[in-house]
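Comments concern the structure below.
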Amino acid sequence: MARILITSAIPYINGIKHLGNLVGSQLPADLFARYLRLRGHEVMFICATDEHGTPAEIAAQRDGVGVREYCDRMYEIQHHLGTGFRLSFDHFGRSSSDRNRQLTQHFAGRLADNGHISEVREQQLFSVADNRFLPDRYVRGTCPNCGYEQARGDQCENCTKQLNPTELINPRSEISGSTELEMRWTTHLFLRQSKFRNRLEEWIDSCDGWPILTSSIARKWLRDGDGLQDRGITRDLDWGIPVRRGNKDWPGMEGKVFYVWFDAPIEYISATAEWADANELDEAAWQRWWRTDLGADDVRYVQFMGKDNVPFHTLSFPVTIMGSGEPWKLVDHIKSFNFLNYDGGQFSTSLRRGVFMDQALDILPPDYWRWWLLSHAPEHSDSEFTWNNFVASVNKDLADVLGNFVRRVTKFCSARFGNEVPQGGDWSSEQSQFAAELAENVRRYATHMEDIEIRKAAQQLRLIWASGNEYLQTAAPWTSVKEDPARAATDISICMNLIRLIAVISEPFIPDFSSAIIKSLRLRSPAWPDDPEAALSAMTPGHEFDVPDLLFRKISDEECNEWQMRFSGEAGSNPPPNNDV
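If you read the sequence shown in my numbering, its first letter stands for residue 255, the second for the next number, and so on.
The following block contains the structure:
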């Protein structure tokens, strides 16, 4: 049994996330965590809300409430929606927790003691209209690299280039929209990332199992030097973690807070400590996941994130860990994703386009969304959500292939043999061949899951579902039961046990389906089929079951057209408030 630590990029607190956010980190991380638990591994799956920085302040101002009140409310909403999508976090934390405050200040103190932080007096944009300094995310403008007109002051979301606010063309205040900006002097702390170039390069080169998307972005920012410029880690904001040097005051830093991208990754560690607190465990319980001197030396650490988060996780956060001089666990594997676009454009709150997590659950159960998003995950290129593709895919895969197989087998078995698995005979050569092919298909599926090749895993799982229908159609027990009832009973016994196997191995993708089947088959948490051939005899003759209700209803053309119109951005649509684009 292995020990695997899994973290998903933590979502900003400012609003309900859309389907592109979901498939870019949390959902594939959940898939992997569920699979590993099925295989008997010890898993720690951590996520949280990212509550500091300008997104929270701006959203709270827009809602006319205090930042803490806003964050409290949105945390509950995001937590609830995660549960609705069956995200199986061991803990869903908050970056505004006392744990994260203490640990962030601890890391800052260690970095300063080791000579990796410098105080820099610099000119920063000041909004005359707002009478305040504008931290990077309070500034919007045109990206000097790609020309995107909505670039943020810290990073262009279009080309992922890391920026400083002063580099933007035609900068404006995110608060008021004012362009009446001027440069004024202020002092901030900078993390001396440039000192770590060689060490980072050696580390990144040693991570040869990373996906091409991850490694190419990491090396791009590393080798052209752009990503390793010394980085400011403090901001002139009211909301955030106060700047302290460990547990001591930091002269000259009064009234400043740490930059959100400094404290947010530290929340991965802090949230694990929050998990221990919530379960009334001691410090050793969480330290064994993160401190290599206290038990984490055998942990495999896997991160999930969108490609725009890769530079921070492959450069800035590792520098924080390395520079502390303490034996913290570094990531072993980073699974990054491209973007999911929406019907010819981007998901957008301002343009009222796209489906957001609460809206998705209002119209369909989570398994529909989980299956389509994961089977179309943007692993190797950007992918696109269209309603026609979504409806065609889930109707075929879930209703016609999977649901149809389960209904045909269970209803036939109930009608001909009663509500129990029939007594069959010895397997024929055809039945043995099917069992051998199934074993190979399950092995391939497991390999894709181990390698976190999500679309390939979905394709292989779909093939296993389809093989059940093909076997049933070829065996035709509705015909053979009249002439060779023993053969028909054997075929149905195999199919009933195949349903059991499918329920187990499909759980990471569609957990509600699996739960429903396991309940209808009157089973108790069946284990992963290490021997798929033997699994086709796991439910012995006489094992009772219930015919499940309709598992997946087909989506109508009328519904497809109505939803396409509702979420297209046309007048009359009703998107959720306060979302990222």
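For glycine and all other residues, C-beta sits at the position ideal for the given N, C-alpha and C. Keep in mind it's a predicted model, so treat the numbers as computed, not measured.
Given a cut-off of 7 Å on the beta-carbon distance, is the pair residue i and residue j in contact?
i, j, result
"Leu281", "Leu692", "no"
"Phe299", "Phe339", "no"
"Ser349", "Ala530", "no"
"Phe444", "Ser372", "yes"
"Arg257", "Trp782", "no"
"Ala712", "Ser647", "no"
"Pro505", "Thr546", "no"
"Phe208", "Gln378", "Within the shown structure, residues of the chain are numbered from 255 to 835, placing residue 208 beyond reach of any answer."
"Val277", "Leu482", "no"
"Ile229", "Asn649", "Outside the displayed range of the chain (255 to 835) lies residue 229, so it cannot be described from this structure."
"Ile520", "Leu259", "no"
"Arg391", "Thr337", "no"
"Met703", "Arg754", "no"
"Val609", "Leu273", "yes"
"Arg473", "Gly823", "no"
"Gly579", "Asn368", "yes"
"Thr441", "Ile423", "no"
"Ala689", "Glu787", "yes"
"Ile270", "Asp612", "yes"
"Thr468", "Ile588", "yes"
"Gln687", "Arg698", "no"
"Pro795", "Val675", "yes"
"Ala247", "Arg499", "Beyond the ends of the chain as shown, which are 255 and 835, falls residue 247; an answer cannot be given."
What does DSSP give as the partner residues of residue i in its beta bridges?
i, result
"Cys461", "According to DSSP, Cys461 bridges with nothing at all."
"Asp304", "Tyr266"
"Thr440", "Glu376"
"Met559", "Ser590"
"His345", "Ile300"
"Gln409", "Gln416"
"Thr396", "Ile423"
"Leu627", "Answer is none; Leu627 lacks a bridge partner."
"Ser602", "Arg607"
"Leu259", "Met298 and Tyr555"
"Ser381", "Arg386 and Leu435"
Report the CB separation of residue i from residue j in whole angstroms; it is logged as a contact under 8 Å.
i, j, result
"Ala757", "Ser768", "5 Å"
"Phe558", "Ser262", "5 Å"
"Phe806", "Gly722", "With 8 Å as the limit, Phe806 and Gly722 do not qualify as a contact, their Cβ atoms being about 15 Å apart."
"Phe346", "Cys301", "5 Å"
"Glu436", "Val382", "6 Å"
"Leu652", "Trp625", "6 Å"
"Gly678", "Thr744", "3 Å"
"Pro572", "Trp457", "7 Å"
"Val655", "Ala740", "Val655 to Ala740, Cβ: 28 Å. No contact."
"Val553", "Lys583", "6 Å"
"Glu528", "Arg353", "5 Å"
"Trp515", "Glu311", "Not a contact, Cβ separation roughly 15 Å."
"Pro619", "Arg288", "17 Å between Cβ atoms; not a contact."
"Pro465", "Ser590", "6 Å"
Taking 6 Å as the cut-off, does the CB of residue i come closer than this to any heavy atom belonging to the ligand ATP?
i, result
"Ser590", "Among the components of this structure there are no ligands whatsoever, and the ligand ATP is therefore not found."
Would residue i be called buried (16 or more neighbouring beta carbons within 10 Å of its own) or exposed?
i, result
"Leu285", "buried"
"His634", "exposed"
"Leu752", "buried"
"Asn385", "exposed"
"Cys325", "buried"
"Lys510", "buried"
"Ala825", "For Ala825, the predicted model reports a pLDDT of 42, less than 50, meaning its position is unreliable; a value from the coordinates is still stated below. Flag for Ala825 reads exposed."
"Trp447", "What sits at residue 447 in the sequence shown is Gln, not Trp. So Gln447 counts as buried."
"Met819", "exposed"
"Glu332", "The residue asked about is misnamed: residue 332 is Gln in this sequence, not Glu. Gln332 comes out buried."
"His334", "exposed"
"Pro829", "With a pLDDT of 38 at Pro829, under the threshold of 50, the predicted position of this residue should be treated as unreliable, and no value is reported."
"Gly407", "buried"
"Asn833", "Note on Asn833: pLDDT 36, under 50, position unreliable in the model; no value is reported."
"Asp304", "buried"
"Ile267", "buried"
"Gly560", "buried"
"Trp439", "exposed"
"Phe821", "buried"
"Val297", "buried"
"Thr433", "exposed"
Checklist entry - Within the chosen definition, does the region 658-674 reach the region 299-318 through at least 3 CB pairs nearer than 8 Å? => result no
Checklist entry - If you pair each beta-carbon of the region 409-421 with each one of the region 562-577, do three or more pairs fall below 8 Å? => result yes
Checklist entry - Do the region 471-478 and the region 488-497 touch if we need at least three Cβ pairs shorter than 8 Å? => result no
Checklist entry - Do the region 638-655 and the region 792-800 touch if we need at least three Cβ pairs shorter than 8 Å? => result no
Checklist entry - Taking contact to mean at least 3 C-beta pairs separated by less than 8 Å, is the region 360-369 in contact with the region 390-404? => result no
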